[in-house]
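>
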Amino acid sequence: MSNSIIKNRLAKIKLLVLDVDGVLTDGKIYLSDQGEEIKSFHVRDGSALVRWQGEGLKVALISGRTSGSVERRARELGISEVYQGISDKLPIIEELMKRYSCGEEETAYIGDDYPDLPIFQRVGLAIAVADAHPSALKAADYQTTSRGGEGAVMEIIELILRLRK
């Protein structure tokens, strides 16, 4: 797909849906001796998500795992659409598109692994982080230069906002 086609598709995005582990985080799961799960989030991804929402655009997080740290980080960033413990993410995406009156061409999804592939086929723009599984990289319309948890979300948001002007 040509750069001009990708740029045109990026400029239309109004709803950005993110996987969590491997996209907002580096994909590693740390467990304390007490069994507490610890995740690391990049501050620049967070500031970009706040800016995104400040532009009146929508964002949602969907994770196959359940973690209190994800809920807390979403609250800090003002993200109300948080879905955890979801094995089939596609119905959530379809409900979000309906709720926010966003067509496929206005919806982007950032993922990194096998569970994201069905969503890649449903949204207008499928984005894989730089260190995604090869199957996700192959299926994606666009690949970030940044790795998951290392500014990939900020990279996409800045690109979309620049192209929307």
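Residue 0 is where the sequence shown starts when you use numbering that gives the first Met the number 0, and the numbers rise one by one after that. All residues carry an ideal CB built from backbone N, CA and C; glycine is no exception. Just so it is clear, the structure is predicted and the values come from calculations on it, not from any experiment.
In this structure, how does DSSP classify D20 when only helix, strand and coil are distinguished?
Reduced to three states, the DSSP call for D20 is coil.
> Kindly list the residues whose CB is nearer than 6 Å to the CB of I5, restricted to its own chain and excluding five residues on each side of it in sequence; keep chain order.
Cβ neighbours of I5 beyond the five flanking positions: Y141.
> How about A135 and D115: do their beta carbons lie closer than 7 Å?
Result yes, Cβ atoms of A135 and D115 sit closer than 7 Å.
> Quick one: what does DSSP say L56 is sitting in, helix, strand or coil?
Note: L56 maps to coil in three-state DSSP.
> Helix or strand or just coil, what does DSSP make of E105?
Reduced to three states, the DSSP call for E105 is helix.
> Helix, strand or coil for I126? Go by DSSP, reduced to three states.
Strand at I126.
> Over what stretch of residues does the alpha helix (DSSP H) that includes F119 continue unbroken?
Element bounds for F119: L116 to F119.
> Reducing DSSP to helix, strand and coil, say where G84 ends up.
Here G84 sits in coil by DSSP.
> Use the C-beta contact count for E54: other C-beta atoms within 10 angstroms, 16 or more gives buried, fewer gives exposed.
Answer is exposed; the Cβ neighbour count stays below 16.
> Quick check on the DSSP output: the alpha helix (DSSP H) that includes R161 runs from which residue to which?
Taken as a continuous stretch (DSSP letters only), the alpha helix (DSSP H) holding R161 covers A151 to R163.
> Pull up the distance between the alpha-carbon of T24 and that of G147, whole angstroms please.
For T24 and G147, the distance between alpha carbons rounds to 6 Å.
> Applying the 10 Å Cβ sphere with the 16-neighbour rule, what's the burial state of T144?
Label assigned to T144: exposed.
> Tell me the DSSP secondary structure of E70 in three-state form.
E70 falls in the helix class under three-state DSSP.
> Ordered along the chain, which non-local residues of its own chain (more than five positions away) have a Cβ less than 6 Å from that of L15?
So the qualifying residues of the chain are V58 and A107.
> Report all residues from its chain with a CB closer than 6 Å to the CB of R72; omit the five preceding and five following residues, and keep chain order.
So the qualifying residues of the chain are F40.
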